[in-house]
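Just below is one structure, and these are the notes that go with it.
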Amino acid sequence: MKIAVVGTGYVGLVTGTCFAETGNTVTCVDINAEKVKKLSNGEITIYEPGLEKLFLRNQREGRLTFTTNLADGVKESLLIFLALPTPPGEDGSADLSAVLKVAGDLGKIITDYKIIIDKSTVPVGTAEKVQKVMGANCHCEFDVVSNPEFLREGLAVEDFMKPDRVVIGTNSERAKKILSDLYAPFVRQGNPVIFMDERSAELTKYAANSFLATKISFMNEIAILCEKLGADVDMVRRGIGSDERIGKRFLFPGIGYGGSCFPKDVRALVKSAKETGYDFKILEAVMSINEKQKLYLIPRIKKYFNNDLKNKKIALWGLAFKPNTDDVREAPALSIINELLKEEAIISAFDPEAMNNVKKILGDKINLVTSQYDAIKDCDALVIATEWSEFRTPDFERMGLVMKNKVIFDGRNVYEPARMKELGFYYESIGRAINS
Ligand SMILES: NC(=O)c1ccc[n+]([C@@H]2O[C@H](COP(=O)([O-])OP(=O)(O)OC[C@H]3O[C@@H](n4cnc5c(N)ncnc54)[C@H](O)[C@@H]3O)[C@@H](O)[C@H]2O)c1
162 MKIAVVGTGY
172 VGLVTGTCFA
182 ETGNTVTCVD
192 INAEKVKKLS
202 NGEITIYEPG
212 LEKLFLRNQR
222 EGRLTFTTNL
232 ADGVKESLLI
242 FLALPTPPGE
252 DGSADLSAVL
262 KVAGDLGKII
272 TDYKIIIDKS
282 TVPVGTAEKV
292 QKVMGANCHC
302 EFDVVSNPEF
312 LREGLAVEDF
322 MKPDRVVIGT
332 NSERAKKILS
342 DLYAPFVRQG
352 NPVIFMDERS
362 AELTKYAANS
372 FLATKISFMN
382 EIAILCEKLG
392 ADVDMVRRGI
402 GSDERIGKRF
412 LFPGIGYGGS
422 CFPKDVRALV
432 KSAKETGYDF
442 KILEAVMSIN
452 EKQKLYLIPR
462 IKKYFNNDLK
472 NKKIALWGLA
482 FKPNTDDVRE
492 APALSIINEL
502 LKEEAIISAF
512 DPEAMNNVKK
522 ILGDKINLVT
532 SQYDAIKDCD
542 ALVIATEWSE
552 FRTPDFERMG
562 LVMKNKVIFD
572 GRNVYEPARM
582 KELGFYYESI
592 GRAINS
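When we follow our numbering, the leftmost residue of the sequence shown carries the number 162, and every step to the right adds one.
Here it is as structure tokens:
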């Protein structure tokens, strides 16, 4: 099939590449000329495990091309995917300006039947808005479909190639048939393609992310209670997670969720609910718990240093909002860094993939170094903000030798408290005993 993907960020590039991988001809469109130039030259613009190999192969085979020109990009395509940003507006609602701008442009451009498929996360009713905006200028037939994307950054290729489910919101039989054929190679193992109306599909995405964010915040509160009551959150987690109704995943406490999706999607759903006159109390609580949780370690670090962090050298391991991505949008590490800088601490940090993105935000305010051991050289304390695999089994002896103080504040519960005690570290984590 001939496909256009408009917006070539995390979702668009993965979507375009994976559709090309199953033999489709894909043109990715983006307004960012520099990005398009790099991609056209075979240079990948995001870090996503497994993506580069597929990207290069499909580009070489001529199935994956890039352009800044929307009209050229969609000319040959039957399917036009929108993978455009929907960032939070001032009031927390999703900003649909990019989606509606492209919809308006498409209305003027298309001259024969197309299916416009919204992959961006958008509030209920957006498909109808897109339909209206396009229809204002368009005289040919088209269908607007909601097809929310559930991929996880860091596992995006795997998630896209083998999705747990594909949700397709449309009442058009014609669109249903074409999209069933498109997705057939991705669900060969029998995972469902679930057809529904557009509104339900749009809400499904927000409900999924908000539920997961709630699960995280719930565990973070259980962890706080564990500390207060002398329980161990790892034990409680395993105790409840083995109940199939609860499940083992998303039960790890930490320093809060971040990224480009959970924070904005929870906010947007709360706003959508408000617009209907409904107060979504659980999600209001989830948002405020998460904001606090991002800074959970700060008072503890301050207490350890008697409220004086001036010129203390604090090292950070991990900057990305989660492992296996270079994405730092709403990353807890950035909130921690801001607080530590206010206290005039000196920060050195290492992340395997996210340092370029952090440099763009923080410039020279912190020292970004090229190895995890350089980061902790002469440091007064180490903060672990992202659970990259390479932080799990470090050379503890080497750490002890290079750190000024053997002090670790672990926001991701990467180590066993008892082991850290044996190794002579002062070690604080989330919801577990403090070893001093
Ligand atoms: N990142 C994720 O893990 C993820 C997962 C599921 C769903 N989503 C949703 O998918 C959507 C896209 O997210 P993302 O993370 O890929 O965003 P992104 O910011 O990485 O990418 C968006 C791209 O769209 C381009 N763009 C902006 N305006 C444009 C226009 N008018 N024409 C053409 N291109 C334009 C930007 O230059 C950018 O390259 C959002 O709604 C997001 O909520 C994201």
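Backbone N, C-alpha and C fix where the C-beta goes; we use that ideal spot for every residue, glycine too.
Worksheet entry | When I450, P424, Y465 are compared against G250, the one with the closest alpha-carbon | Distances from the alpha-carbon of G250 to those of I450, P424, Y465 put P424 closest.
Discussion item. Taking 7 Å as the cut-off, is the beta-carbon of D191 closer than that to any non-hydrogen atom of ligand 1?
Written reply: Flag set: Cβ of D191 near ligand 1.
Discussion item. Under 8 Å, with one C-beta from each stretch per pair, do the region 367-379 and the region 389-404 reach the 3-pair mark?
Written reply: No, the region 367-379 is not in contact with the region 389-404.
Fill in: Start and end residues, beta strand (DSSP E) containing M357
Note, M357: beta strand (DSSP E), 354-357.
Worksheet item: What did DSSP end up calling S509 once you bin it into helix, strand or coil?
Response: If DSSP states are grouped into helix, strand and coil, S509 belongs with the strands.
Worksheet item: Does ligand 1 have a heavy atom nearer than 7 Å to the CB of T609?
Response: The shown model of the chain, from 162 to 597, leaves out residue 609, and the question about it has no answer.
Worksheet item: Which same chain residues, not among the five before or five after A181, have their C-beta less than 7 Å away from its C-beta?
Response: Excluding sequence positions up to five before and after A181, its CB lies within less than 7 Å of the CB of V187, N219, R224, L225, all in the same chain and listed in chain order.
Worksheet entry | Contacting residues, own chain, Cβ-Cβ under 7 Å from M560 (five flanking each side not counted) | Hits under 7 Å: I537.
Practice prompt. In angstroms with no decimal places, state the Cα-to-Cα distance between S201 and F227.
Written response: Approximately 6 Å between the Cα atoms of the pair.
Worksheet entry | Alpha-carbon to alpha-carbon, I462 and K471 | Their backbone Cα atoms lie some 12 Å apart in a straight line.
Worksheet entry | Sequence-distant residues of its chain with Cβ nearer than 6 Å to E504 (five each side left out) | Here the set comprises L470.
Practice prompt. Pull up the distance between the alpha-carbon of V327 and that of D266, whole angstroms please.
Written response: The alpha-carbon atoms of V327 and D266 are separated by roughly 28 Å.
Worksheet item: Of all the options A288, A429, P460, which has the alpha carbon lying nearest to the alpha carbon of V447?
Response: The shortest C-alpha separation from V447 is found at A429.
Practice prompt. Scan the region 403-469 and note each continuous alpha helix (DSSP H) run of 4 residues or more that stays entirely inside, going in chain order.
Written response: Qualifying alpha helix (DSSP H) stretches, in chain order: 423-436, 442-455, 458-465.
Item to complete: Would you list, in sequence order, the uninterrupted alpha helix (DSSP H) runs of no fewer than 4 residues that lie entirely inside the region 246-325?
Response: Runs of the alpha helix (DSSP H) spanning 4 or more residues and lying entirely within the region 246-325 occur at 258-270, 287-296, 317-322, in chain order.
Worksheet item: From what residue to what residue does the beta strand (DSSP E) around E589 run?
Response: Its beta strand (DSSP E) spans residues 587-589.
Worksheet item: So who's on the other strand from C189, going by DSSP bridges?
Response: For C189, which the question treats as bridged, DSSP gives the partners V166, F227.
Worksheet item: By a C-beta neighbour count over all protein chains shown, 10 Å radius and 16 as the cutoff for buried, is M111 buried or exposed?
Response: As displayed, the chain neither begins before 162 nor continues past 597, which places residue 111 out of reach and without an answer.
Worksheet item: What whole-angstrom Cβ distance do P246 and A259 have, given they're in contact under 8 Å?
Response: At roughly 6 Å, the Cβ-Cβ gap stays under 8 Å, so P246 and A259 are in contact.
Practice prompt. Tell whether a beta-carbon distance below 8 Å holds between R553 and N574.
Written response: In this structure, N574 does not lie closer than 8 Å to R553 by Cβ.
Worksheet item: Which term fits Y465, buried or exposed, when burial requires 16 or more other beta carbons within 10 angstroms of its beta carbon?
Response: Looking at its Cβ environment, which holds 16 or more other Cβ atoms inside 10 Å, Y465 is buried.
Worksheet item: Which term fits K389, buried or exposed, when burial requires 16 or more other beta carbons within 10 angstroms of its beta carbon?
Response: A residue is called buried when at least 16 other Cβ atoms come within 10 angstroms of its Cβ; K389 does not meet this threshold and is exposed.
Worksheet item: In this structure, what does DSSP give as the bridge partners for K474?
Response: Beta-bridge pairing links K474 to I507.
Worksheet item: If you drop the 5 nearest sequence neighbours on each side, which residues of the same chain put their C-beta closer than 7 Å to that of F441?
Response: Scanning its chain for C-beta atoms nearer than 7 Å, with the 5 sequence neighbours on each side dropped, one finds around F441 the residues L430, V431, A434, in chain order.
Worksheet item: Is it the case that the CB of K337 approaches a heavy atom of ligand 1 more closely than 7 Å?
Response: Remark: the shortest separation between the CB of K337 and any heavy atom of ligand 1 does not fall under 7 Å.
Discussion item. Rounded to the nearest angstrom, what separates D487 and H300 at their Cα positions?
Written reply: C-alpha of D487 to C-alpha of H300: approximately 43 Å in a straight line.
Worksheet item: First and last residue of the alpha helix (DSSP H) that includes G330?
Response: Not the alpha helix (DSSP H): G330 falls in the beta strand (DSSP E), residues 327-330.
Worksheet entry | Reference I545, options L458, I507, N517, closest by Cα | Check the Cα spacing between I545 and each of L458, I507, N517: the tightest is with L458.
Worksheet entry | Which of helix, strand or coil DSSP assigns to D233 | The DSSP-derived three-state label of D233 is helix.
Discussion item. Alpha carbons only, please: which of E514, G173, D571 is nearest the one belonging to N308?
Written reply: Minimum Cα distance to N308 is reached at G173.
Item to complete: Could you tell me whether the Cβ atoms of S333 and D358 are closer together than 8 Å?
Response: Not a contact, by the Cβ cut-off of 8 Å.
Item to complete: Using 10 angstroms around the beta-carbon of T169, count the other beta-carbons present and answer buried if the total reaches 16, otherwise exposed.
Response: T169 counts as buried, since no fewer than 16 other beta carbons sit within 10 angstroms of its beta carbon.
Worksheet entry | For N596, three-class secondary structure by DSSP | Strand at N596.
Item to complete: Check whether the Cβ of A434 sits closer than 7 Å to any heavy atom of ligand 1, and report yes or no.
Response: A434 Cβ: outside cutoff for every heavy atom of ligand 1.
Item to complete: Could you work out which residue in I339, V519, M162, E314 is closest to V306 when comparing CA atoms only?
Response: The residue among I339, V519, M162, E314 with its C-alpha nearest the C-alpha of V306 is I339.
Discussion item. Considering only heavy atoms of ligand 1, does any lie closer than 7 Å to the CB of E310?
Written reply: Judged by the Cβ position, E310 qualifies as a neighbour of ligand 1 at the 7 Å threshold, a heavy atom of the ligand being closer than this.
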